[in-house]
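FYI, the numbering for the sequence shown is 850 to 1404, going by the numbering used here.
Where is the CB? At the ideal position from N, CA and C, for every residue including glycine.
Following: one structure in structure tokens, then a few remarks.
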Amino acid sequence: MSNSKENNAENATVLDVQNLTISYDTDKGSLDVVRNINLKIAAGEVYGLVGESGSGKTTLARAIVRYLPENGRIRSGVVKLGSDDLTKLSLAEMRRIWGKRIAMVHQDSVASVNPSLPIGEQIAEVARMHLNMSKKASRTKTIEMLKKVHMPDPESMVRKYAHQLSGGMLQRVLIAIALTTNPDLIIMDEPTTALDVTTEAVILDLVQEIMAECNAAILYITHNLGVVARICDRVGVIYAGELMEKGRVKQVFKNRLHPYTRALLNCVPQIDKSKHEIRLNNIPGNIPRADRLPPGCIFEPRCDIKDEACGKAHPTLVEAEPGHLTACRKWETIDQENAPGGVRLRKEEGQAGKGVALLQAEKIKKYFSVDGQLWKKESSVVRAVDDISLCIKDGQTMGLVGESGCGKTTFARCVVGLEEPTGGSIKLKDEPLAYTVAKRSRAQLKKIQMIFQNPDASLNPQHTVGQSVARPLMLLHKLNKEQTKEKVGELFSAVNLPEDYAERLPQELSGGEKQRVAIARAFATDPLLMLCDEPISSLDVSVQEKILDLLLDIR
């Protein structure tokens, strides 16, 4: 749990969202994508907002700060920051609030910083704009903020550019920018999703330290239930644009008075179980689309305790205990003792890993020069991968773990042919592979595919996601249009996406949905070897278990 004071409820309310409904204008008319949201956050309090990808978490955050896309609007409701109703303010008035009274820390730190400006200048610019500081004072403030977020060597760091920093360092920069003006409200949208577990722990420690110092209200958006348990005071569980349950973290996680909350918690893997012994609990079906909402409870189609009345009456939030609200009409009959567990027995077929060698990587090296040339002197090169050998057999899954910067991704890119190794050999089924994809045959390209961590960087923003999945089918399998369309539909179903999503652009999908598209594209060629570089780090827990089960089924 967080270190914030237990009497947060007595502190001044910073954010007060009342009956907020958000609509998007579409070809099919106006659609309410977030409906009747009520929440309050006090000074010094961290409010966690959790739910599956596509539940409306980020849409709600963008509506709070009045930064919806052109076709989005607040249809009804009130958003109060202190005594100011943000829904009544003009764009010019909001510009004075953005960055000064409200700050945001986004999920993708690379996309959130300017690659053409030193990171010190980006912090100093905020200080000059909102705090009216001189150039000299803003530089002093910049170094002070970098020290506050524990950035190593801040005096030299101010001159560095984004590409020279790791993901964890960039996230510290975003937090430093957010804290520069000592805002009333900080919105953190999945700030640790793309980080490895050790870096995530450091950033979470930093967030807790910030909470103790600045006394700001924090809205923390995440799909990581462990993060919520660690740093949040209260939590709201959102599903298909509506709050299903909310209350103090201990209340919600212990009592779980809504089937959706219980299902999310049951999706969390257990580290003491072997993959040969378990199959993760599955939430059947998909989140309903805004234009196809069920007439009764919106979770009813996926609920395991529903009855006939659930499909007819739309429930409202009721207070089951002081401060703990649920939207389930059957909350009094939920049996926590006998609720379905997070794992089920998994029947294993065959003997995975007993077959012939599929991949043989021998003494792989990848050295990068410090100054642009690969000198012979040992001090002039970075040994990103140094003499790594491994063998993967048919049907076997091998995990490669380590902190950011230890060489995991570089090794994978060497195997797939996106980086040219400095030395070593790579064989697939005893067939030698050229170092680069340009020198590999079409048959070899079909056999090895890779799922990248960041789907935004691997999907073409100008092509529909269906076109992205169809491309390897046409180029490598030579399928005609009709066959390609049918196969694309099968792939979308396999990764739990509606087939009509194929007509959407990447920007119209959530982060988790885009990653599922990237996974579908990787499976399109029926590869023998799949290299997965943090493929589920951006997904919520319910989607993570589906993808993990899918990978196990394919294996």
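- DSSP places glutamine 867 in the uninterrupted beta strand (DSSP E) bounded by 862-875.
- Distance from the CA of glutamine 1302 to the CA of arginine 884, rounded to the nearest whole angstrom, comes to 32 angstroms.
- With contacts defined as CB atoms closer than 7 angstroms, alanine 1025 and methionine 994 qualify as a contacting pair.
- By the C-beta density criterion, asparagine 920 is exposed, having fewer than 16 other C-beta atoms within 10 angstroms.
- Of all C-beta pairs linking the stretch 1053-1068 to the stretch 883-900, three or more are shorter than 8 angstroms, placing the two stretches in contact.
- When only Cα atoms are considered, methionine 1093 and valine 1077 end up about 16 angstroms apart.
- In the structure shown, phenylalanine 1301 adopts coil according to DSSP, grouped into three states.
- Here leucine 1322 is not near lysine 1334, since their CB atoms are 7 angstroms or more apart.
- Under the DSSP assignment, lysine 1161 falls outside any beta strand (DSSP E); it carries neither an H nor an E label.
- Straight through space, the alpha carbons of aspartate 933 and glycine 1266 are spaced by roughly 55 angstroms.
- If you ignore the 5 residues before and after valine 914, its C-beta comes within less than 6 angstroms of the C-beta of Ile951, all in its own chain and listed in chain order.
- With 16 or more other CB atoms across the displayed protein chains lying within 10 angstroms of its CB, histidine 955 is buried.
- Assignment of beta-bridge partners to tryptophan 947 by DSSP yields Ile951.
- Collapsing the DSSP output to three states places glutamine 956 in coil.
- Where lysine 996 is concerned, the enclosing alpha helix (DSSP H) starts and stops at 984-997.
- Where lysine 1295 is concerned, there is no enclosing beta strand (DSSP E), although the alpha helix (DSSP H) around it starts and stops at 1291-1296.
- Secondary structure at asparagine 885: strand, using DSSP grouped into helix, strand and coil.
- A straight-line Cα-Cα distance of about 38 angstroms links alanine 1371 and proline 1001.
- Contact check for alanine 960 and aspartate 1305: beta-carbon distance about 7 angstroms, within the 8 angstroms limit, so the pair qualifies.
- The alpha helix (DSSP H) runs lying completely inside the stretch 1318-1390 and spanning 4 residues or more are 1330-1343 and 1360-1372, given in chain order.
- Assigned with DSSP and collapsed to three states, threonine 1246 falls in coil, not helix or strand.
- In this structure, DSSP gives leucine 1092 an extended state, which the three-state scheme calls strand.
- Per DSSP, the beta-bridge partners of glutamate 1170 are His1173.
- Judged by their CB atoms, valine 1234 and lysine 1212 are not nearer to each other than the 7 angstroms cut-off.
- Fewer than three beta-carbon pairs drawn from the stretch 1084-1101 and the stretch 922-936 are found closer than 8 angstroms, and the two stretches are therefore not classed as touching.
- Histidine 1312 has its alpha-carbon roughly 27 angstroms from the corresponding atom of alanine 912.
- A straight line joining the alpha-carbon of alanine 976 with that of glycine 897 spans about 28 angstroms.
- For alanine 912, the secondary structure class from DSSP, reduced to helix, strand or coil, is helix.
- With a contact defined as Cβ atoms closer than 8 angstroms, valine 928 and isoleucine 968 miss out at about 31 angstroms.
- The DSSP-derived three-state label of alanine 1306 is helix.
- Alanine 1292 and arginine 1141 have their C-alpha atoms some 43 angstroms from each other.
- Per the Cβ contact rule, the stretch 873-888 is not in contact with the stretch 932-948 (fewer than 3 Cβ pairs under 8 angstroms).
- Looking at the DSSP output, alanine 1210 shares a beta bridge with Leu1239 and Ile1275.
- Looking at the DSSP output, leucine 898 bridges to Ile1070 and Gly1085.
- Residue range 921-930 is occupied by the beta strand (DSSP E) that includes leucine 930.
- For phenylalanine 1148, DSSP records no beta bridge to any residue.
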